[in-house]
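The structure appears right after this line, and notes come after that.
Chains as they are written, first to last, in the working numbering: chain Y, 1 to 339; chain P, 1001 to 1400.
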């Protein structure tokens, strides 16, 4: 009995000590597990949502699939963990997920105080408002006195307070734990307005009981650089996530697509050769194989393809590229050179 | 050396074999081991947090919160409020819903418990159905039912239900007139205080009279007259004299919703309804068990003394049933308080929703926030138990 107690005590102590190791070597643990755990949205059309068969689709989901493709040459080796906004960072900090790809805004405090790193920005967004058409409101400046539904634990909640304070307007906030509860409350008439990132507004509107009864107001009240997050301290893992996104951007810029990636391997263009690993050992330097980018593009596609399929013209959302166009086309997406 | 000691003086055994000393020794070792374990856990957690570059410590409580909360019993704004203030707002919201919930659930629970034992078949069956339905459906489901199905079906603000006397009901809550106290309102408060003190004195006197002479005095009517009648009379007199101690701000129609007046949020109402009706089902069973524990002879003896059924219940049965009822009733109060954390599902800003939801997420300091929250619930529960134990000691049968 006493021996059992002592061994339990030692076991507890050992487990407490052991947790320190998880900050390092995410890649090794992912390879050992045989799959990637990806923190995803609980359901946001175009960004991260499971369909009726349980297959996840979306822009953020495809980033995880691309990471899995780069590691395993198999985009299906991902396990998606749906996370509410208020739980997402704790899940990442505690090691429950390897990467958080869940339309999360990069901010200074999140980068410096939460023990996180944001290796890339895969969607440039801003916060907006949606209201019912019959209210006759055409600008966010007319929302004085409105009650507004929002999701708690988000930058949205903070921007909302800032915006109304800066414009000297009153409002009543009704905050819910999940995006689902938030939108349902708005749709049921609990609030006059619903606020989240503009992309989210278009996505959520599709779920409204009568989507055409709602309009998105023109004001964008904040900057929301959305991107994947990883734990601070594992630089190799951060590099893999960053360069997965960069490979997809560079592929789009260089005209490498899902369809032509095999032919492009024979290209004479030195930039394409470096990207696709026919020249140099860029992949190995990150702990992957040299054909890492080929795997990503072959299985998932380049950034433009992924964008159009999930949120652009090929989707129900029909969001314009706008700020998310390549820098060569007036947007902000800028592929860092592979060299 | 030990063997020598034990050999030289056989009656004085070595303290090593003294069961008392050994007992103390093992207790000390166990306590030391537990303390060590907690120490290691704490230092290890701190070290890991630092290595992961996660902020730690309780300094975040004084940082500016930057978010708003829908129901605030104390002054709170995104601009000036700190995370510590947000904690206080959440705590007060938890306490108020629990306190009001406990009062209403006790009343409802007693009524249903007594009704279940009624000789009227219809009343007894209705009470039975209530208990069986309410206590067998998960509370979370009931909360969502109240919030989405019942309160969600209320009309939009522009078609608010007007209920008269300044009361309006719509999907944003219940709106009512807000009293505004003028400088001479102290007169009313003073009169109310006099009424309360007078009632207290009168009741003591009436009781003494009854014990000594057996004569009964009308307690209820006098209480009503002193507590309610006196202030109202004063108010009327003041109004006739031209003074206006209390005026009312009525809710008016605004752009989006009614403005002005007082507003009770639908989240609060849904949570309160859910907690009260659910816990009342359990309290009803506790009350029924308590009443059945009082022997039938007591009721018969009371009847033979000429007490009416109502008096028998009030003066003979319930006081004796209380000693059985109080301990499980305390558990139900604790359950209600802890269950109030389900508020998170319907957006009521209680402690868990505000502090473990928004604050935890904005600061990322999970360990500190969770420890504080657990400590608060533990404290609330212990205080409730303590108060109920004092009351229990008062109603317990004194053995002679």
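Cβ coordinates follow ideal geometry from the N, Cα and C atoms, glycine included.
- In the three-state reduction of the DSSP assignment, residue 334/Y falls in the coil class, being assigned neither a helical nor a strand state.
- Membership of residue 216/Y in the beta strand (DSSP E) is indicated by the continuous run 214–216.
- In terms of Cα proximity to residue 1157/P, the closest of 1257/P, 1326/P, 1386/P is 1257/P.
- Residue 1067/P reaches chain Y at 157, 158, 161, counting residues in chain order whose Cβ is nearer than 7 Å.
- Check the Cα spacing between residue 1142/P and each of 1269/P, 1325/P, 1379/P, 1396/P: the tightest is with 1269/P.
- If you draw a 10 Å sphere on the C-beta of residue 1233/P, you find fewer than 16 other C-beta atoms in it, and that means exposed.
- When the five nearest sequence neighbours on each side are left out, the beta carbons in the same chain lying within less than 7 Å of the beta carbon of residue 1249/P are those of 1177, 1178, 1180, 1260, 1261, in order along the chain.
- Distances from the alpha-carbon of residue 1062/P to those of 1046/P, 1079/P, 1051/P, 1329/P put 1079/P closest.
- When C-beta atoms of the region 1280–1299 of chain P are compared with those of the region 1101–1111 of chain P, three or more pairs fall below 8 Å, so the two segments count as touching.
- A straight-line Cα-Cα distance of about 11 Å links residue 284/Y and residue 236/Y.
- By the Cβ-count criterion, residue 108/Y is exposed, with fewer than 16 other Cβ atoms from all chains shown falling within 10 Å of its own Cβ.
- Separation of residue 1252/P and residue 1396/P (C-alpha to C-alpha, rounded to the nearest whole angstrom) is 53 Å.
- Counting C-beta pairs closer than 8 Å gives fewer than three between the region 275–291 of chain Y and the region 85–101 of chain Y, which falls short of the contact rule.
- For residue 1363/P, no beta strand (DSSP E) segment is defined; the enclosing uninterrupted segment is the alpha helix (DSSP H) at 1360–1363.
- Proximity of the region 1336–1355 of chain P to the region 1038–1045 of chain P falls short of the contact definition, fewer than three beta-carbon pairs being nearer than 8 Å.
- Listed by position along chain P, the residues whose Cβ is nearer than 9 Å to that of residue 29/Y form an empty set, because the closest Cβ is around 15 Å away.
- In this structure residue 201/Y does not touch residue 247/Y by the C-beta definition: roughly 30 Å separates them, more than the 8 Å allowed.
- Bounds of any alpha helix (DSSP H) do not take in residue 1295/P, whose DSSP letter is neither H nor E.
- Counted as a single uninterrupted DSSP element, the stretch harbouring residue 1353/P is not any alpha helix (DSSP H), since DSSP gives it neither H nor E.
- DSSP, reduced to helix, strand and coil, places residue 89/Y within a helical segment of the structure shown.
- About 6 Å separates the beta carbon of residue 119/Y from that of residue 230/Y, a gap short enough to meet the 8 Å contact definition.
- Here the alpha carbons of residue 1094/P and residue 1086/P stand approximately 12 Å from one another.
- Look at the region 1097–1136 of chain P and you find no whole run of beta strand (DSSP E) that is 3 residues long or longer.
- For residue 1040/P, the enclosing alpha helix (DSSP H) covers residues 1019–1051.
- Every alpha helix (DSSP H) of 4 residues or more that sits fully in the region 1135–1218 of chain P is shown, in chain order, as 1139–1144, 1186–1213.
- C-alpha of residue 1182/P to C-alpha of residue 1255/P: approximately 29 Å in a straight line.
- With the rule of 3 Cβ pairs closer than 8 Å, the region 147–166 of chain Y does not count as touching the region 60–77 of chain Y.
- Excluding sequence positions up to five before and after residue 1144/P, its CB lies within less than 8 Å of the CB of 1345, 1346, all in the same chain and listed in chain order.
- One Cα belongs to residue 1322/P, the other to residue 1034/P, and the distance between them is close to 41 Å.
- A contact is defined here as three or more CB-CB pairs under 8 Å, and the region 1288–1298 of chain P fails this definition with respect to the region 1210–1230 of chain P.
- Within 9 Å of the CB of residue 1323/P, no CB atom of chain Y is found; the nearest one sits about 40 Å away.
- Residue 1186/P counts as exposed, since fewer than 16 other C-beta atoms from the protein chains shown sit within 10 angstroms of its C-beta.
- Listed as beta-bridge partners of residue 124/Y by DSSP are 225/Y.
- As for any alpha helix (DSSP H) of minimum length 4 sitting wholly inside the region 35–89 of chain Y, the runs are 59–72, ordered along the chain.
- For residue 1247/P, the enclosing beta strand (DSSP E) begins and ends at 1246–1249.
- For residue 73/Y, not one C-beta of chain P is nearer than 8 Å to its own C-beta.
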